[in-house]
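**Q**
There are 2 protein chains.
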Amino acid sequence: MQYYKKESKLLVAVDCIIFGFNGETIDILLIKRGFEPEIGKWSLMGGFVQPDESPERSASRVLKELTGLENIFMDQCGVFGKPNRETGERVISIVYYALVDKQKYQNTQNDRYESQWFPLKEIPKLIFDHHDMIDQAIRELQSKAALYPILFKLLPEKFTIPQIATIYENVYQITFDKRNFSRKLNASGILIKLNEKDKENSKRGAYYFRINKDLYKEKVMSFIRHLPSWSIE
Amino acid sequence: MQYYKKESKLLVAVDCIIFGFNGETIDILLIKRGFEPEIGKWSLMGGFVQPDESPERSASRVLKELTGLENIFMDQCGVFGKPNRETGERVISIVYYALVDKQKYQNTQNDRYESQWFPLKEIPKLIFDHHDMIDQAIRELQSKAALYPILFKLLPEKFTIPQIATIYENVYQITFDKRNFSRKLNASGILIKLNEKDKENSKRGAYYFRINKDLYKEKVMSFIRHLPSWSIE
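Protein chains in written order, with the numbering used here: chain A, 1 to 233; chain B, 1001 to 1233.
1. Would you please verify whether the beta carbon of B/Asp1052 is less than 8 Å from any beta carbon of chain A?
2. Report yes or no: is there a C-beta of chain A within less than 8 Å of the C-beta of B/Asp1214?
3. State the DSSP-derived secondary structure class of B/Tyr1004, mapped to helix, strand or coil.
4. If you scan the region 66-124 of chain A from start to end, which runs of the beta strand (DSSP E) of 3 or more residues do you find wholly inside it?
5. With H, G and I counted as helix, E and B as strand and the rest as coil, what does DSSP make of A/Phe176?
6. Using a Cβ cut-off of 8 Å, which residues of the region 86-108 of chain A contact any Cβ in chain B, in chain order?
7. So, with DSSP's three-state summary, where would you put A/Ser58?
8. In its own chain, which residues sit with a C-beta less than 6 Å from the C-beta of A/Phe48, not counting the 5 before and 5 after it?
9. For the candidate residues B/Ala1206, B/Gly1189, B/Tyr1004, B/Gln1173, whose alpha-carbon lies nearest to that of A/Asn87?
10. Within 10 angstroms of its Cβ, does B/Pro1051 collect 16 or more other Cβ (buried), or is it exposed?
11. Give me the chain A residues within the contact set of B/Gln1076, using Cβ-Cβ distance strictly less than 8 Å, ordered along the chain.
12. Buried or exposed, going by whether 16 or more other CB atoms sit within 10 Å of the CB of B/Asp1027?
13. Could you tell me the distance, in whole angstroms, from the CA atom of A/Ile92 to the CA atom of B/Met1133?
14. What number of angstroms, rounded off, separates the C-alpha of A/Pro83 from the C-alpha of B/Ser1054?
15. Given this structure, state the Cα-to-Cα distance separating B/Ile1039 from B/Leu1154, to the nearest angstrom.
16. Indicate the three-state DSSP secondary structure (helix, strand or coil) for A/Glu157 in the structure shown.
17. Please report the distance separating the alpha-carbon of B/Ile1167 from that of B/Val1095.
18. So that I know if they touch, is there some Cβ in chain B lying closer than 8 Å to that of A/Tyr4?
19. Check B/Tyr1168 in the structure and name its three-state DSSP category.
20. I'd like to check one pair, B/Lys1144 with B/Ile1138: are the Cβ atoms closer than 8 Å?
21. If the cut-off is 8 Å on Cβ atoms, which residues from the region 37-66 of chain A count as contacting chain B, listed in chain order?
22. Hey, A/Tyr105 and A/Thr67: beta-carbon distance below 8 Å or not?
23. Relative to the alpha-carbon of A/Trp42, which residue among A/Leu69, A/Leu11, A/Gln116 has its alpha-carbon at the smallest distance?
24. Strictly below 8 Å CB to CB, what residues from chain A border B/Pro1083?
25. Can you list, in chain order, the residues of its chain whose CB lies under 6 Å from that of B/Met1045, leaving out five sequence neighbours each side?
26. Comparing the C-beta of B/Ala1146 with each C-beta of chain A, is any distance below 8 Å?
27. Which residue or residues does DSSP assign as beta-bridge partners of B/Val1049?
28. Would you say B/Leu1010 reaches chain A, if we count a Cβ-Cβ gap shorter than 8 Å as a contact?
29. Using alpha carbons as the reference points, say which of B/Leu1069, B/Gly1078, B/Thr1160 lies closest to B/Lys1102.
30. A/Gln142 to A/Asn180, Cα distance in whole Å?
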């Protein structure tokens, strides 16, 4: 292992971007940093990769520590490693995002980190390159969600079509024709309509749906067969 | 910086998946590893991240060392960091893929690394988790190419529609209806037809095209407006 010995070792950390949906906006969970440098400033939740753990395990550990949640969908979405990106010492940060159903999160406590949810458009000033990390995570969500129905992970088991539309509008920062969106989604067969309405958010009420897990994979594949979609007028 | 001092440092490397298109298949450039462990076995080209360079700079350096190419499209597509993934010492590897126009590559020499192109379906046995890295890069290509026209980077300035179709078929491992594909692509306005034909690959010849760079961005956006495409029958 002579070849390895002459190489420098580096500090490696993970930072977690935790997305949640509150019914109207997609929010990110931030903490107040508890140590120097930059103590007391808003930050993503992170931690160092330990000798006995993989980076994805570090990310799960960090998520659990902050939210109490386990077995949550997480995916790696970037590496930030410019030599001077932190003011303290050089740290290479591997960035993960998590998609959390906020209904499941509500019961946990996080006084220790002074954690708080912020809508995407109201993110406060963050330390280091954490804003760039969030931008990168959103780009990653946009490209993954074009191929896989991952955004449903932000929703509870039963949800309404206006809720899905709002999530897509938040992620792609555009406005849909709601009737058209609803018609296409219904026609796709990927959703199963329940005999129950959400009456809190409109007079008429909106039917609840759940994902048709049998069709899930097949429908994703049927999208691929239509590629390259970006070239279709 | 007391908090940082108690943390363990780790070896960090990059590995590069270099994709090229030879007209019929998408190929990957592999090398024979030049040091222990696993000396002489087929491997992706890699290198350690140096104290003064970002991981993306390491990846560009590694690509240039092997191919002589600079200013090539590269993107990070995964991190492999299980504590025992290498048999020597623990190394966290950040994986990048590059999309190379093989016409530009042909003039460079790589006797030093015994490098060789292999079609995706004929990859030899590789060291460590390098097969998983390639699988991950292909998934990343599939998802990025659903939103951005990055696959055109594998082509020279002028190219034919059958060439594009072959690239998409290789990446998604499916067979297109060629006439339909050609019709949609022509209708999209993203391509400009040249007054010149490739007569080497068919009797009738196939017209050469180039990308309409003015429309490029706009068309990508028009795709986004059709989301969620995966749900459309």
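Glycine residues also receive a C-beta, built at the ideal position from the N, C-alpha and C atoms. On a predicted model such as this, the values are computed, not experimentally measured, just so you know.
**A** Per the coordinate set shown:
1. Closer than 8 Å to some Cβ of chain A, the Cβ of B/Asp1052 qualifies, so yes.
2. It does not; no Cβ of chain A falls within 8 Å.
3. The three-state reading of DSSP puts B/Tyr1004 in helix, counting H, G and I together.
4. Complete beta strand (DSSP E) runs here, min 3: 74-80, 91-100, 116-119.
5. In the three-state DSSP reduction, A/Phe176 falls in the coil class, being neither helix nor strand.
6. Of all residues in the region 86-108 of chain A, Gly88, Glu89, Arg90, Val91, Ile92, Ile94 have a Cβ within less than 8 Å of some Cβ in chain B.
7. Helix at A/Ser58.
8. Here the set comprises Ala13.
9. Per the sequence shown, residue 87 of chain A should be read as Thr rather than Asn. A/Thr87 has its Cα closest to that of B/Tyr1004, out of B/Ala1206, B/Gly1189, B/Tyr1004, B/Gln1173.
10. Within a 10 Å sphere around the beta-carbon of B/Pro1051 sit fewer than 16 other beta-carbons, which makes this residue exposed.
11. Under the 8 Å cutoff, chain A gives Gly78, Val79.
12. Answer is buried; the Cβ neighbour count reaches 16.
13. When rounded, the distance between both Cα atoms is 20 Å.
14. Straight-line measurement puts the Cα of B/Ser1054 at about 6 Å from the Cα of A/Pro83.
15. Whole-angstrom Cα-Cα distance: 31 Å.
16. Shown here, A/Glu157 sits in coil according to DSSP, grouped into three states, outside any helix or strand.
17. Separation of B/Ile1167 and B/Val1095 (C-alpha to C-alpha, rounded to the nearest whole angstrom) is 22 Å.
18. Against chain B, the CB of A/Tyr4 has a partner CB under 8 Å away; the residue lies at that interface.
19. The answer is helix: DSSP assigns B/Tyr1168 an H, G or I state.
20. No; because the gap between Cβ atoms is not below 8 Å, this pair is not in contact.
21. Those residues of the region 37-66 of chain A placed with their C-beta closer than 8 Å to a C-beta in chain B are Pro37, Phe48, Val49, Gln50, Pro51, Asp52, Glu53, Ser54, Pro55, Glu56, ordered along the chain.
22. Contact: yes.
23. In terms of CA proximity to A/Trp42, A/Gln116 leads the group A/Leu69, A/Leu11, A/Gln116.
24. Within chain A, Pro51, Asp52, Glu53, Ser54 have C-beta atoms less than 8 Å from the C-beta of B/Pro1083, given in sequence order.
25. The answer, listed in chain order, is Cys1016, Ile1031, Val1062, Leu1066.
26. With 8 Å as the cut-off, B/Ala1146 counts as an interface residue toward chain A.
27. Looking at the DSSP assignment, B/Val1049 forms no beta bridge with any residue, so it has no partner.
28. With a threshold of 8 Å between beta carbons, B/Leu1010 makes contact with chain A.
29. Cα-wise, what sits closest to B/Lys1102 is B/Leu1069.
30. Rounded to whole angstroms, A/Gln142 to A/Asn180 spans 20 Å at the Cα level.
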